[in-house]
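Below is one structure, written out as structure tokens; comments come after it.
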Ligand code: F6P
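Residue numbers (the numbering used here): 10 to 412.
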């Protein structure tokens with residue numbers, strides 16, 4: 010079937026790079042003589058398409074109004090799963106909407122939940138191609154938004170350390186990422202955190218506390234001006250030493266039906282505070298660092314900060330803009346060749362790499378072998394440090410794309 014008109018949808022949580030995806034779709038469609046339109050506000054808009062009066066066309070002029078460097082999405086978002094809509098005729102309604110506007114195919118950018126809907130829509134005979142998107146980085150392939158979030162987290166970590174250092178405080182940064190620790194790990198490494206707590210490793214706070222004491226106390230005592238901080242990044246979806254989720258369930262659930270995660274930073278602070286209260290070495294440390302003031306300041310303070318949605322807001326970083334542009338464009342070319350129900354992995358050389366959406370949405374967790382490497386470098390992950398045992402592999406050139 011010849012594709013004449015494409016609808017672009019962004020779905021799930023917003024993030025960096027999405028406007029580049031939209032531009033990639035629009036610019037490629039224009040160059041191929043295909044019309045591209047925005048279906049607004051994710052799957053909520055797709056469901057209600059039939060009632061809309063008109064759609065915004067991604068003409069060259071309209072595309073100029075979209076700034077690829079801005080995070081978020083010009084197409085808007087919702088967390089709606091089509092399967093969950095209380096309407097037996099939901100797929101018929103979607104097909105009527107697509108027919109009303111003469112839309113022959115969809116480019117849909119989103120994460121695992123969005124991808125599962127793409128699998129559904131494809132089974133219903135609706136041509137669609139997936140552009141992977143999630144700041145959580147938990148898909149099997151790279152997803153637009155990941156690098157922007159990691160850069161933001163790294164910057165928050167660095168910023169937080171300037172105030173932590175001024176007050177000789179332990180600082181805890183709680184970050185989004187759901188049940189995968191990729192963003193906490195990458196952002197924490199880039200921001201030079203001392204300790205990174207991720208869902209993949211049930212955390213033993215005795216180990217974190219011992220590491221904190223060793224690193225923080227030494228840092229302050231060795232400093233000529235008696236200054237130091239200790240920085241922790243904690244992923245929102247962490248588990249305690251027994252593997253139990255610590256999230257504060259009172260936050261409720263989102264429209265996809267997922268528990269909204271909250272409270273990890275506070276939990277970490279309390280765990281460390283409890284240990285500090287009962288530790289006689291703390292008074293000794295405060296005295297040796299000339300901070301001890303009886304009844305006023307007898308122990309170092311711990312502060313947690315939760316930037317929440319700020320980690321996926323603001324600007325898109327260059328990697329996401331590059332990736333978004335080329336994968337958005339590639340999605341149009343796949344649709345034009347009637348390849349549907351698939352996810353664009355990347356474009357390398359002249360090859361558009363793609364895979365089955367049903368496969369790519371399987372959750373990817375942090376590689377614990379790699380963690381052992383960082384433990385060897387002295388970073389604490391809340392467990393007994395493991396030894397990094399490398400295997401060597403010589404690769405033939407060309408290896409892979411560089412950016
Ligand atoms: O899945 C992306 C994500 O940013 C998660 O890391 C976070 O838990 C969630 O979205 C927050 O979603 P919402 O925008 O619905 O509060």
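We treat Cβ as the ideally placed atom computed from N, Cα and C, and that holds for glycine.
Checklist entry - What's the call for residue 231, buried or exposed, on a 16-neighbour Cβ count within 10 Å? => result exposed
Next on the checklist: With a threshold of 7 Å (Cβ to nearest heavy atom), would residue 2 be considered close to the ligand F6P?
Outcome noted: With the chain covering only 10 through 412, there is no way to say anything about residue 2.
Checklist entry - Taking the DSSP output, what are the residues bridged to residue 363? => result 353
Item to check | Beta-carbon gap between residue 228 and residue 309 smaller than 8 Å | outcome: no
Item to check | Assigned secondary structure, residue 402 (DSSP; H/G/I helix, E/B strand, else coil) | outcome: coil
Next on the checklist: Can you tell me whether residue 245 sits near the ligand F6P, meaning its C-beta is under 7 Å from at least one heavy atom of the ligand?
Outcome noted: yes
Next on the checklist: With three or more C-beta pairs closer than 8 Å as the rule, is the segment 169-187 touching the segment 324-334?
Outcome noted: no
Checklist entry - Which residue comes first and which comes last in the beta strand (DSSP E) that contains residue 312? => result 311-314
Item to check | Residue of 33, 44, 35 minimising C-alpha distance to residue 13 | outcome: 44
Checklist entry - From what residue to what residue does the alpha helix (DSSP H) around residue 493 run? => result Residue 493 lies beyond the range of the chain shown here (10 to 412); nothing can be said about it.
Checklist entry - Helix or strand or just coil, what does DSSP make of residue 414? => result The chain is shown from 10 up to 412; residue 414 falls before or after that span and cannot be answered.
Checklist entry - Contact check, residue 354 vs residue 364 under 8 Å by CB: the rounded distance? => result 6 Å
Next on the checklist: Do residue 328 and residue 113 have their beta-carbon atoms positioned less than 8 Å apart in this structure?
Outcome noted: no
Item to check | Alpha-carbon spacing of residue 153 relative to residue 247, whole angstroms | outcome: 24 Å
Item to check | Spatially closest choice to residue 205 from 237, 163, 171, 233, by CA coordinates | outcome: 163
Checklist entry - Which residue from 319, 261, 193, 406 puts its Cα closest to that of residue 375? => result 193
Checklist entry - What's the C-alpha gap between residue 53 and residue 89? => result 6 Å
Checklist entry - Under the three-state reduction of DSSP, which class applies to residue 44: helix, strand or coil? => result strand
Checklist entry - From what residue to what residue does the beta strand (DSSP E) around residue 141 run? => result 137-141
Item to check | Member of 171, 118, 98 whose CA lies at the smallest distance from the CA of residue 23 | outcome: 118
Checklist entry - What are the boundary residues of the beta strand (DSSP E) that residue 282 is part of? => result Note, residue 282: premise wrong, no beta strand (DSSP E); alpha helix (DSSP H) at 273-286.
Checklist entry - In chain order, what residues of the same chain have a beta carbon less than 6 Å from the beta carbon of residue 67, not counting five sequence neighbours either side? => result 35, 45
Checklist entry - Can you list, in chain order, the residues of its chain whose CB lies under 7 Å from that of residue 395, leaving out five sequence neighbours each side? => result 381, 384
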